[in-house]
Structures are given as structure tokens and as C-alpha cells.
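Under this note's numbering, residues 47 to 120 are what the sequence shown spells out, in order. No residue lacks a Cβ here, since even glycine has one placed at the ideal position from N, Cα and C.
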Amino acid sequence: MLRCKECKKRFVVDRGQLTFYSHHDQSKWNELILDTLNGVSLKETAVKINVNERNVFNMRHKLLVSLKTEEHPK
């Protein structure tokens, strides 16, 4: 989160992206995306990117929801 020096309001630069409100860097997201497309299990992905399996599940869910939204915009 960044803060404007003039008005002191806070903002984020990744709003509307997969990494929005994520504590994981882009490289972990990239690995997750590749593993998801290649059918790698949650457990294997969790070990590879050094993230808890539950967090990998949530990240993958966020990815799949965003893909569905892009496919069928409202």
C-alpha cells in the first residue's frame, strides 16, 4: 500500500489484479499459474513455492474465479 505525499490518502497499484491484497510476490503467482495449467497438485505446488497448502488452495481459487470472470464478463 502506498500513500500520496500531497493528500496523504493510501492506495494500491495492483487493484483488480490477482496480486491485489496478496502477501505473495509475483514469482509465486507465476509458479502457481503454471502449475495450475499443468495439473500439478496443491501439495506439490505448496512445496515448490514454500506456501501453506491452504493458502495455495485460496490462491488457486482466486485464479480460477478471475478466469471465469474474464470468460463471462457481467
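- Between the C-alpha atoms of N76 and K51 there is a straight-line separation of about 32 Å.
- Taking 8 Å as the cut-off, the beta carbon of E99 is found closer than this to the beta carbon of L88.
- In the same chain as R106, and ignoring 5 residues on each side of it, the C-beta atoms closer than 6 Å to its own belong to T82, in chain order.
- Put simply, the backbone Cα of K54 is about 26 Å away from that of D71.
- If you draw a straight line from the Cα of H69 to the Cα of N101, it is about 10 Å long.
- Counting C-beta atoms within 10 angstroms of its own C-beta, L110 has fewer than 16 neighbours from the protein chains shown and is therefore classed as exposed.
- Within 10 angstroms of the beta-carbon of L78 lie 16 or more other beta-carbons, which makes it buried.
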